[in-house]
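Number of protein chains: 2
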Amino acid sequence: MLGERQKNILKEIVLEYIKKARPVGSQSLCKKFKVSSATIRNDMLVLENLGYLEKQHISSGRIPSEKGYRYYVDHLMEPSKISGEDMLKLQTIFSNNELDLDSAIEKSLEIISDITNYTSVILGSASKENLLQKVEVVPISPGVVVAIVITDKGHVTNKQITLPEGIDIKEVQKTSELLNKMLFGTPLDLVPSKLEFEIKPIIGNYVTNYEVLYNAFYEALSNFQTDRDVRWNGKANILKQPEFSTVDDVKNIISKFESKDLVSKIEETDDEVKVYIGKETSLDDNVTVIKTKYKTSDKEGTLAIIGPKRMDYERVLNLLEYIKSRIEKKEVRDGKAREEE
Amino acid sequence: MLGERQKNILKEIVLEYIKKARPVGSQSLCKKFKVSSATIRNDMLVLENLGYLEKQHISSGRIPSEKGYRYYVDHLMEPSKISGEDMLKLQTIFSNNELDLDSAIEKSLEIISDITNYTSVILGSASKENLLQKVEVVPISPGVVVAIVITDKGHVTNKQITLPEGIDIKEVQKTSELLNKMLFGTPLDLVPSKLEFEIKPIIGNYVTNYEVLYNAFYEALSNFQTDRDVRWNGKANILKQPEFSTVDDVKNIISKFESKDLVSKIEETDDEVKVYIGKETSLDDNVTVIKTKYKTSDKEGTLAIIGPKRMDYERVLNLLEYIKSRIEKKEVRDGKAREEE
DNA sequence: TTTAGCACTCAGTAACCCGAAGTGCTATAT
DNA sequence: ATATAGCACTTCGGGTTACTGAGTGCTAAA
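See the structure below:
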């Protein structure tokens, strides 16, 4: 379909545009391909007709279209290794035994944001594979208790419960014992249904006045898994990109970042590192999001880098791949409960 | 110092500029004061020479200077009550018994952001008046435990601790018992020093190999009080204000919002509702921050509204005053453990 | 003390010109 | 067939100019 030179021209244009953020003209490619500008122009026309290139106006140079970037990422980009320089900056983090995995992930994405000037987001939530380990009920004042839930992976959440008038603290204790007995070892995502179908029917046998108590605990326990944390780095970085040079562009992207359904748009389900360009992101047509799911023994979530479509695809891909691999390595190493390397 | 008419002219200019965001000319005030524009101009000149008014260029209308806003807030603004409309929107929140105080505060600031189009921030942290109620240690896997700290007000934090090789879980239990005994009822802010000066010297008597254990617990327990949460509402609202019409202004304010020392700049120590204008904010010369400290039985923090200097001072002051009073009322009411009103 | 009158200033807009960069097309050369 | 040289054409962007409207400061009179 595409001639060899045409492919290379497309590649050059993508790389050049990533570097300079200015439309690429035919002249500037002459020396590299040792042909005249007219020849380049002919090829450019072909590429434009196929939808890989665009012009901003009739006599401007070419810029890659989304389809062009996509083609570059899928076919033209040479798989490479992370640069030594980048690696160096990340290495210390993962070989530092002081840092737990969570902090290491956070720290490393912070570094990525710093060195690339893109925006990064970490989406996390307790994994479905967490098993409920313990439900602890601590009275803190008359009529008020705190319910604390601990998973086998060490995650903790809590919820304050104001007891309805006239509930005996003994009833609460009994409820908590019952919950502990029945829920121990239950995967978090199954807790609500287990509460509803196994515990609710029988709780009346153990506890009087169970209705309100049950409801209070139900709420506390089922909130657990939906608990999400979102960490940003360099949220303002994207504004440094020349594509956000008008007030409207800036306002627009900032509003998108603040919007409530951002999490659902960022979340990734694929284990690979994936690239979403422009419209593919469903977040904003002017950005590219490179992201991957990560999964540690106790949490799972998404690592995402958000930048302009003119993003340094190769570098970011490599960085994310590297971090992903280090996360896994660290898991293994931590599992062996510290063994000097 | 200032004549009566001059004061009124200043006031009108402030109000007019707040409403329209456009410099106010002498003509537009003629009817209101029943004098000619020349007279107004003379007064304006006086006000300008005293530093209350500014011009953007030699032949533009006047806008209030920071000093002018300050004078307005301190001397010209008529103390008034919150508008019925605004109150209505907030009322339901505080009379809703389902909502705990925390959520009510959050919800009400959300509403303020919505109706005013300003940005709001809630800074919170566990109060110094929280007393340590319990230290709970839950083993979750060989060599790993979770330390959970609960205060008498129901706040919970936790920290995962990886035990050094060769530590017996019994030692951990003993440590936790010791901590519970010695720290029960200790105000949070005193925990670190108590650990250092009372517990460290004697822990060796109870627990062998105490060094590492002590360090792990020390870190977990002293992080508690510095634990801060920051909640934003309408972070992008400020961009709607016409004062942020150039890319640079926008980028600037966004960076300020993202900066790490924002918390320290926002935090308020005064119990009153206070107004900080422009430079006074130490945050950004183009904004006004109206804020107040709040204090509930278990938490204390700051409520802040950030808007342009051209902010609707009266309205925001009233809103904050109102919320403050409702927070206190609700405290009282909740304390009586639900008594229908 | 207030007012009318007037000259002056400046932001903002629109119209225009011009050079730079780059294109598409056609006719020619390889 | 492919590549090239030449040329007419388009658009952007920056600079200049001219004009208008809003608003001022100042002076002299009421």
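Chains A and B supply the protein sequences, listed in that same order.
Position 284, counted from 1, in the first sequence is what the working numbering calls 284; the numbers after and before it change by one each time, with no gaps.
Position 71, counted from 1, in the second sequence is what the working numbering calls 412; the numbers after and before it change by one each time, with no gaps.
Idealized CB from N, CA, C, for every residue including glycine.
When the distance is taken between beta carbons, is residue j closer than 8 angstroms to residue i?
{"i": "B/Val414", "j": "B/Tyr654", "result": "yes"}
{"i": "B/Asn471", "j": "B/Val487", "result": "no"}
{"i": "A/Lys291", "j": "A/Ile266", "result": "yes"}
{"i": "B/Glu477", "j": "B/Ile489", "result": "yes"}
{"i": "B/Ser461", "j": "B/Leu450", "result": "yes"}
{"i": "A/Val207", "j": "A/Thr175", "result": "yes"}
{"i": "A/Leu50", "j": "A/Met44", "result": "no"}
{"i": "B/Pro649", "j": "B/Glu584", "result": "yes"}
{"i": "B/Leu370", "j": "B/Glu345", "result": "no"}
{"i": "A/Arg70", "j": "A/Val24", "result": "no"}
{"i": "B/Lys620", "j": "B/Asp626", "result": "yes"}
{"i": "B/Ser468", "j": "B/Asp639", "result": "yes"}
{"i": "B/Ile456", "j": "B/Lys475", "result": "no"}
{"i": "B/Ile508", "j": "B/Asn556", "result": "no"}
{"i": "B/Leu658", "j": "B/Ile453", "result": "no"}
{"i": "B/Val532", "j": "B/Leu442", "result": "no"}
{"i": "B/Leu388", "j": "B/Ile350", "result": "yes"}
{"i": "A/Ala21", "j": "A/Arg315", "result": "no"}
{"i": "A/Ser255", "j": "B/Ala577", "result": "yes"}
Taking DSSP's pairing of strands, which residues face residue i in a bridge?
{"i": "A/Ala126", "result": "A/Lys299"}
{"i": "B/Ile631", "result": "B/Val616, B/Ile646"}
{"i": "B/Leu472", "result": "B/Pro528"}
{"i": "A/Ile63", "result": "A/Glu54"}
{"i": "B/Lys500", "result": "B/Ala488"}
{"i": "B/Val478", "result": "B/Ala488"}
{"i": "A/Asn233", "result": "A/Ser120"}
{"i": "B/Val365", "result": "B/Arg403"}
{"i": "B/Arg569", "result": "B/Ser466"}
So which residues on chain B does residue i lean against when the C-beta distance must stay under 7 angstroms?
{"i": "A/Gln241", "result": "Residues of chain B passing the Cβ test: none, with the nearest at roughly 11 angstroms."}
{"i": "A/Lys235", "result": "Glu599"}
For residue i, go through chain A and note every residue whose CB falls closer than 7 angstroms to its CB, in chain order.
{"i": "B/Thr587", "result": "Val247"}
Suppose you measure from the CA of residue i to the CA of residue j; what does that come to, to the nearest Å?
{"i": "B/Leu519", "j": "B/Glu512", "result": "10 angstroms"}
{"i": "B/Ala645", "j": "A/Gln160", "result": "26 angstroms"}
{"i": "B/Thr629", "j": "B/Tyr459", "result": "10 angstroms"}
{"i": "B/Leu603", "j": "A/Asn42", "result": "55 angstroms"}
{"i": "A/Ile18", "j": "A/Ile238", "result": "14 angstroms"}
{"i": "A/Leu183", "j": "B/Ile481", "result": "16 angstroms"}
{"i": "B/His416", "j": "B/Ile423", "result": "19 angstroms"}
{"i": "B/Arg679", "j": "A/Lys329", "result": "Note that B/Arg679 scores a pLDDT of 42, beneath 50, so its modelled location is shaky; the value from the coordinates is reported in the next line. If I take the Cα positions, the gap works out to 54 angstroms."}
{"i": "B/Gln582", "j": "B/Lys372", "result": "29 angstroms"}
{"i": "B/Val588", "j": "A/Lys251", "result": "9 angstroms"}
{"i": "A/Lys34", "j": "A/Ser26", "result": "12 angstroms"}
{"i": "B/Ser444", "j": "B/Arg572", "result": "11 angstroms"}
{"i": "B/Glu681", "j": "B/Leu356", "result": "In this prediction, B/Glu681 has a pLDDT of 40, which is less than 50 and means its spatial position is unreliable; nothing more can be read from the coordinates."}
{"i": "B/Lys601", "j": "B/Ile664", "result": "28 angstroms"}
{"i": "B/Thr527", "j": "B/Lys494", "result": "13 angstroms"}
{"i": "A/Lys200", "j": "A/Glu300", "result": "30 angstroms"}
{"i": "A/Glu165", "j": "A/Gly143", "result": "7 angstroms"}
{"i": "B/Lys677", "j": "A/Ser222", "result": "Its pLDDT being 48, under 50, B/Lys677 is placed unreliably in this model, and the value from its coordinates should be taken loosely. Distance between the alpha carbons of B/Lys677 and A/Ser222 is about 29 angstroms."}
{"i": "A/Leu283", "j": "B/Thr610", "result": "40 angstroms"}
{"i": "A/Tyr218", "j": "A/Leu188", "result": "13 angstroms"}
{"i": "A/Leu99", "j": "A/Lys107", "result": "9 angstroms"}
{"i": "B/Glu426", "j": "B/Phe435", "result": "15 angstroms"}
{"i": "A/Met87", "j": "A/Ile327", "result": "14 angstroms"}
{"i": "B/Gln432", "j": "B/His496", "result": "27 angstroms"}
{"i": "B/Glu662", "j": "B/Val614", "result": "7 angstroms"}
Which chain B residues are close to residue i, counting only those with a beta carbon under 8 angstroms from its beta carbon?
{"i": "A/Asp100", "result": "Gln501, Thr503"}
{"i": "A/Lys134", "result": "Val479"}
Which residues in chain A have a C-beta closer than 8 angstroms to the C-beta of residue i? List them in chain order.
{"i": "B/Val487", "result": "Ile150, Gly154, Val156"}
Can you name the residues of chain B whose CB is closer than 9 angstroms to the CB of residue i?
{"i": "A/Ile254", "result": "Lys576, Ala577, Leu580, Val591, Ile595"}
Interface positions of the stretch 24–50 of chain A facing chain B (Cβ-Cβ less than 8 angstroms), listed along the chain: The residues in question: there are none.
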